[in-house]
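Below is one structure, written out as structure tokens, with a few remarks after it.
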Amino acid sequence: MSLFNLFKKKNNRIGLALSGGGLHGAAHVGVLQVLEREGIRPEIIAGTSAGALVGGAYAAGVTTEQLSEIFLKMSWTDFVRPAWRNSLGMFNTKPMEDYITRIIGEQLIEELPIKFLAVTCDILTGEKVLLNKGRLATAMRASSAYPGLFTPVETDDGKMLIDGGVIDNLPAELVRAMGADYVIGVDVSEHEFPIEKPTGTIEMLLAISTLMQTRSAYPGEDDMDCLIRPDLRQYSSWKTGYMEEMMAAGRASGELAVLKIKKDLK
Numbered sequence: 000m001s002l003f004n005l006f007k008k009k010n011n012r013i014g015l016a017l018s019g020g021g022l023h024g025a026a027h028v029g030v031l032q033v034l035e036r037e038g039i040r041p042e043i044i045a046g047t048s049a050g051a052l053v054g055g056a057y058a059a060g061v062t063t064e065q066l067s068e069i070f071l072k073m074s075w076t077d078f079v080r081p082a083w084r085n086s087l088g089m090f091n092t093k094p095m096e097d098y099i100t101r102i103i104g105e106q107l108i109e110e111l112p113i114k115f116l117a118v119t120c121d122i123l124t125g126e127k128v129l130l131n132k133g134r135l136a137t138a139m140r141a142s143s144a145y146p147g148l149f150t151p152v153e154t155d156d157g158k159m160l161i162d163g164g165v166i167d168n169l170p171a172e173l174v175r176a177m178g179a180d181y182v183i184g185v186d187v188s189e190h191e192f193p194i195e196k197p198t199g200t201i202e203m204l205l206a207i208s209t210l211m212q213t214r215s216a217y218p219g220e221d222d223m224d225c226l227i228r229p230d231l232r233q234y235s236s237w238k239t240g241y242m243e244e245m246m247a248a249g250r251a252s253g254e255l256a257v258l259k260i261k262k263d264l265k
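With numbering that gives the first Met the number 0, the residue at position 23 of the sequence shown is 22, and numbering never jumps.
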């Protein structure tokens, strides 16, 4: 047991809110590496989109070393394939779900060692849909089904689920509601305007992604005890060439936050 866990207040259940942000999610791994090194382990995690992918895997027991290796080796061809004509998206992410399943197996959210929730949105009603039970791999895929680019995930009860970033890109308030006493938010989303002029359909959708993340419901300061925001401005959230750099940015921001977290919780 680390000294941090030995001396922290007994009632301080640590919760982690992880934002969406495309491949900027690699920075989540860097933050987790620092927190883990310092013995700061969340008991509750809620994630949106990329945050649901990283947070769900971590809640299922995937190590930060394994997560780092996944990001360094990943290729979009591992996660998507072109959708059929007249599909509700340009790419089908069923390969993503299959890839996740090979890593975590058939785990159910309600049986995870860390309490977890994935944020999605029902495109048919505009309502926020919170996935806190059922098949984890499917929930992770649904939370990251960016509309127009990736096909939605349809449920047995008639919902059509898309990327949770449409409605709640940093679910800190949910982490508090799940029982966390101390909430750490990690925001890897894009907030920069103007952006480069789109030159095609995919770039147009990615520009909308930036707008969506910027305008999505954002928690107030009272919903978080510590906000970590890695500096990712120079890296594309959709290109795979800068994974190590983005994880390093996550580690750098985590190092800055650790002293505050320890001070708050001891």
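We put the CB at the ideal spot given by N, CA and C, even for glycine.
Separation of Val-182 and Asn-131 (C-alpha to C-alpha, rounded to the nearest whole angstrom) is 18 Å.
In this structure, the straight-line span from the alpha carbon of Met-89 to that of Pro-146 is close to 9 Å. Nearest to Val-165 by alpha-carbon distance, out of Thr-119, Glu-153, Leu-148 and Leu-135, is Thr-119. Cβ-Cβ distances below 7 Å link Leu-231 to His-23, Ala-26, Val-187, Met-245 and Ala-248 in the same chain, with the five nearest sequence neighbours on each side left out; the list follows chain order. By the Cβ rule, the region 150–161 counts as touching the region 123–138, because three or more pairs are nearer than 8 Å.
7 Å or more divides the Cβ of Ile-44 from the Cβ of Ile-102. The C-beta distance from Gln-106 to Ala-59 rounds to 5 Å, short enough to fall under 8 Å. Under DSSP, Gly-14 forms a beta bridge with Ile-43 and Val-182. When the beta-carbon positions are compared, Asp-121 and Lys-158 come within less than 7 Å of each other. The straight-line gap separating the alpha-carbon atoms of Leu-226 and Val-257 is approximately 11 Å. Of the residues Ala-171, Gly-163, Val-128 and Leu-173, the one whose Cα lies closest to the Cα of Asp-156 is Val-128. According to the DSSP secondary-structure assignment, Met-159 is paired through a beta bridge with Glu-153. For Gly-24, no beta strand (DSSP E) segment is defined, and its DSSP state is neither H nor E. Shortest Cα-Cα distance from Phe-115 to any of Asn-91, Ala-179, Glu-37 and Ile-69 involves Ala-179.
Secondary structure at Ile-166: coil, using DSSP grouped into helix, strand and coil. Distance from the CA atom of Gly-29 to the CA atom of Thr-198, rounded to whole angstroms, is 32 Å.
Here Asp-222 is near Ala-171, since their CB atoms are less than 7 Å apart. Between Glu-202 and the set Ala-117, Lys-238 and Glu-64, the nearest pair of CA atoms involves Lys-238.
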